[in-house]
Amino acid sequence: MSGILRNLWRCILGPKLYTIYGNPMERYTPNTLENMGNRVIQGLYVIYSVGVYASPVCVLCAYRWENAYTHIRSALKVCAYVGLLLALAYTVRGVGRLMNSTYMKFMFTLTKLQYAHRPSRKEMEILRKYDFEFFAWPVNFDVSDAKQKPLQPIAEEVSEREKVGYLSLSTAYMLVTLVGRPLIYPGSVGILQYLIGDFLLKGRERLVKEFNGERNKIKTQEGNSIDTIFIDRRNSSQVEGKKLVICCEGNAGFYEIGLITTPLDKGYSILGWNHPGFAGSNGQPYPQQERNAVVAVMQFATHTLGYKQQDILVYGWSIGGYTATYAARVYPKIAGLILDATFDCVLPLAVQRMPQLLSPIVNVAIKTHFNLNNAVQLTHYPGPVCIIRRTRDEIITTDENELDCNRSCDLLMSLLESRFPGLLCNASRHTLQQYLAIDPSLQESLLQDCNVDKDQSLSLIKAQMNLSEPFINLSDEEKVPLLLFLASKYLVDFNSTHNNPLDPHLFNPPWTALNLKDD
Numbered sequence: 001m002s003g004i005l006r007n008l009w010r011c012i013l014g015p016k017l018y019t020i021y022g023n024p025m026e027r028y029t030p031n032t033l034e035n036m037g038n039r040v041i042q043g044l045y046v047i048y049s050v051g052v053y054a055s056p057v058c059v060l061c062a063y064r065w066e067n068a069y070t071h072i073r074s075a076l077k078v079c080a081y082v083g084l085l086l087a088l089a090y091t092v093r094g095v096g097r098l099m100n101s102t103y104m105k106f107m108f109t110l111t112k113l114q115y116a117h118r119p120s121r122k123e124m125e126i127l128r129k130y131d132f133e134f135f136a137w138p139v140n141f142d143v144s145d146a147k148q149k150p151l152q153p154i155a156e157e158v159s160e161r162e163k164v165g166y167l168s169l170s171t172a173y174m175l176v177t178l179v180g181r182p183l184i185y186p187g188s189v190g191i192l193q194y195l196i197g198d199f200l201l202k203g204r205e206r207l208v209k210e211f212n213g214e215r216n217k218i219k220t221q222e223g224n225s226i227d228t229i230f231i232d233r234r235n236s237s238q239v240e241g242k243k244l245v246i247c248c249e250g251n252a253g254f255y256e257i258g259l260i261t262t263p264l265d266k267g268y269s270i271l272g273w274n275h276p277g278f279a280g281s282n283g284q285p286y287p288q289q290e291r292n293a294v295v296a297v298m299q300f301a302t303h304t305l306g307y308k309q310q311d312i313l314v315y316g317w318s319i320g321g322y323t324a325t326y327a328a329r330v331y332p333k334i335a336g337l338i339l340d341a342t343f344d345c346v347l348p349l350a351v352q353r354m355p356q357l358l359s360p361i362v363n364v365a366i367k368t369h370f371n372l373n374n375a376v377q378l379t380h381y382p383g384p385v386c387i388i389r390r391t392r393d394e395i396i397t398t399d400e401n402e403l404d405c406n407r408s409c410d411l412l413m414s415l416l417e418s419r420f421p422g423l424l425c426n427a428s429r430h431t432l433q434q435y436l437a438i439d440p441s442l443q444e445s446l447l448q449d450c451n452v453d454k455d456q457s458l459s460l461i462k463a464q465m466n467l468s469e470p471f472i473n474l475s476d477e478e479k480v481p482l483l484l485f486l487a488s489k490y491l492v493d494f495n496s497t498h499n500n501p502l503d504p505h506l507f508n509p510p511w512t513a514l515n516l517k518d519d
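Numbering follows UniProt numbering, in which position 93 of the sequence shown is assigned residue number 93; successive positions increment by one, without gaps.
Here you go:
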């Protein structure tokens, strides 16, 4: 009897089972009782998700009610009834699972591994035959296993918070929690994840079935669990398979249906991961949690998967440029950094899209809670970089009718200023702005007009970089072609809007002829 009750309890609290990988692969079919319980639980979850974002309105209405006490008491009664309904739904679902031999076989396999400190690769092969809710997945790598010194908060963030008064800081926090985070990272909104859940499952099934993808759970410094997928092509005949591409998704991107398709098509090994609060990853996508997540992913790649930094490319798209540049900042020996459709700093984009009246509080909110400054982080990375600018981008621009208002241009300018400050003068700045503003089809003509000789420019830049104060001895006229040459190497244009997948022929390792790491 005790064994039945123990199994029932496990079935009540156990994860949803989605897919059984075999030959052929099949979707798990719950019986009537389990299906009924699932529907009630899902319905209550949707109501709860809507209620979270409607809570400020509810609180305001309660404050204005004359007989607020009576209404609050009625609301508490409703909550009690909902709690009973939820408990009943979980119990009915648990009974249904207990009567399902397929689920019980899965549950016995899962229970056995959950008690293991770190399941072995052979043990995980058995569990990877199932796709199920990720909260129950055993931890495959804990960042504490790497015994690396914990990362500290970025100094710029701490100083910004110290400048702001308590009232402004509290108001900014409320704005960020209720409005800012869902707008900046819509992929963290539960309702959206519920609506696209089947697409995520299909995408994950494809990665596992067609590409032998391995799902792993990584535990971060603050205890968040990060959902990852690893596709190993080191044994393939393609040379690209020896390189690992770590993909940092956008603000509504998931590895199941995200940007990994492009490097996948080129034959690279892939390590995809979901932001904290996205799909199987828990936590919330605040900057500190984002940074800890990408560092945990990098440590998993080097400590568990066995990759050297020199064999890793980091690929960031859109807001994923933040975690990508941070990974490069912490791991400066990586093979290269590819930044697609990203920005220098999120603040100008946030201010431009919010009402003018809210600009002061938006400034405070961004600087104290979402200071996503890719340009600053990029200054700490000396290695190869490729910035991909989408010429019809409607998202990371302050004016989509002006090409040079694309924030990728500002990111490029910041990169050049930090690496080659001696090349920046009024003449070279003006010509570079002209280069960034014209149609890409006209750029080659401008390079010819400015006498840009690529071989000669590279030789001269290398010679200058060996000096204690490079480029100081050059005239303004000599600096112009050198700066344009560098811009043409660091920037790649893609004739596309923001959300289209990157054309595979544009996904290449960054330019490495000028290696600053050795300087």
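Cβ atoms here follow ideal geometry from the backbone N, Cα and C, with glycine treated the same way.
With distances taken from CA atoms, which of the options is nearest residue i?
i           : options                               : result
Phe-343     : Pro-360, Lys-333, Gly-321 and Gly-336 : Gly-321
Thr-431     : Arg-389, Ile-461, Ser-414 and Leu-482 : Leu-482
Lys-129     : Tyr-315, Arg-27 and Gln-356           : Arg-27
Pro-15      : Asn-100, Asp-131, Tyr-115 and Gly-283 : Asp-131
Asn-94      : Tyr-45, Asn-31 and Leu-378            : Here residue 94 is Gly; the residue named in the question, Asn, does not match the sequence. If we check each option's Cα against that of Gly-94, Asn-31 comes out closest.
Thr-19      : Arg-39, Arg-6 and Tyr-103             : Tyr-103
residue 547 : Asn-216, Pro-501 and Leu-8            : Given that the chain is displayed from residue 1 to residue 519, the structure contains no residue 547 and the question cannot be resolved.
Leu-358     : Met-298, Ala-328, Ala-172 and Ser-318 : Ala-172
Gly-197     : Glu-133, Pro-138, Lys-122 and Arg-353 : Glu-133
Gly-180     : Ile-366, Leu-17 and Lys-105           : Ile-366
Leu-514     : Glu-400, Glu-469, Glu-444 and Gly-383 : Gly-383
Ile-229     : Glu-240, Leu-201, Gly-223 and Ala-252 : Leu-201
Thr-270     : Arg-291, Glu-214 and Asn-282          : With the sequence shown as reference, residue 270 is identified as Ile, and Thr is not the correct amino acid for it. Comparing Cα positions, the closest option is Glu-214.
Ile-472     : Gly-203, Ser-488 and Cys-425          : Cys-425
Leu-378     : Phe-494, Asn-401 and Leu-339          : Leu-339
Pro-194     : Ser-418, Tyr-48 and Phe-507           : First, the residue type needs correcting, since residue 194 is Tyr and not Pro in the sequence shown. Of the candidates Ser-418, Tyr-48 and Phe-507, the one whose C-alpha sits nearest the C-alpha of Tyr-194 is Tyr-48.
Asp-404     : Arg-429, Ala-427, Leu-416 and Ile-438 : Ile-438
His-303     : Asn-235, Leu-484, Ile-218 and Glu-477 : Ile-218
Gly-187     : Lys-454, Gln-284 and Ser-120          : Gln-284
Asn-374     : Leu-484, Met-354 and Ala-327          : Ala-327
Counting C-beta neighbours from all protein chains within 10 Å, is the total for residue i 16 or more, i.e. buried, or is it exposed?
i       : result
Asp-518 : Since pLDDT at Asp-518 reaches only 46, below the 50 mark, its modelled position is unreliable, and the value read off the structure follows with that caveat. Counting Cβ neighbours within 10 Å, Asp-518 comes out exposed, since fewer than 16 surround it.
Lys-243 : buried
Val-52  : exposed
Trp-273 : buried
Thr-323 : buried
Phe-135 : exposed
Pro-263 : buried
His-275 : buried
Tyr-307 : buried
Val-492 : buried
Phe-108 : exposed
Ala-80  : exposed
Lys-122 : exposed
Thr-115 : According to the sequence as given, residue 115 is Tyr; it is not Thr. Exposed.
Gly-336 : buried
Asn-451 : exposed
Glu-290 : buried
Ala-75  : exposed
Gly-223 : exposed
Gln-221 : buried
For my contact list, residue i and residue j are in at a C-beta cut-off of 8 Å; report their separation, rounded to the angstrom.
i       : j       : result
Ile-257 : Phe-199 : 6 Å
His-380 : Tyr-286 : Not confirmed; about 21 Å, so no contact.
Gly-267 : Arg-233 : 6 Å
Phe-376 : Val-362 : The amino acid at residue 376 is misidentified as Phe; the sequence shows Val. About 19 Å; that fails the 8 Å criterion.
Leu-423 : Lys-479 : 5 Å
Phe-420 : Leu-467 : The Cβ separation is near 12 Å, so there is no contact.
Val-40  : Leu-85  : 7 Å
Leu-8   : Leu-127 : Going by Cβ atoms, the distance from Leu-8 to Leu-127 rounds to 22 Å, so no, they are not a contact pair.
Pro-509 : Leu-313 : 6 Å
Ile-396 : Ser-475 : Not confirmed; about 35 Å, so no contact.
Phe-106 : Leu-17  : 5 Å
- Kindly confirm or deny that the segment 19-26 and the segment 133-144 touch, where touching means at least three C-beta pairs closer than 8 Å. no
- Three or more C-beta pairs below 8 Å linking the segment 340-354 and the segment 409-429: Flag = yes, the segment 340-354 and the segment 409-429 touch.
- Message: If we require 3 or more residues per run, which beta strand (DSSP E) segments fall completely within the segment 322-407?
- Response: 336-340 and 385-390
- Query: Would you call the segment 382-395 and the segment 459-477 in contact, with 3 or more CB pairs under 8 Å?
  - Reply: no
- Task: Please list the segments of the alpha helix (DSSP H) lying wholly inside the segment 451-501, counting only runs of 4 or more residues, in order along the chain.
- Result: Qualifying alpha helix (DSSP H) stretches, in chain order: 454-465 and 476-490.
- Message: Just to confirm the assignment: which complete alpha helix (DSSP H) runs, minimum length 4, are found wholly within the segment 9-36?
- Response: The segment 9-36 contains no whole alpha helix (DSSP H) run of 4 or more residues.
- Taking only runs of the alpha helix (DSSP H) that begin and end inside the segment 215-297, which ones reach a length of at least 4 residues, in chain order? 261-265
- Taking the runs of the beta strand (DSSP E) that are 3 residues or longer, which of them lie wholly in the segment 110-147? As far as the segment 110-147 is concerned, its whole beta strand (DSSP E) runs of at least 3 residues are 130-132.
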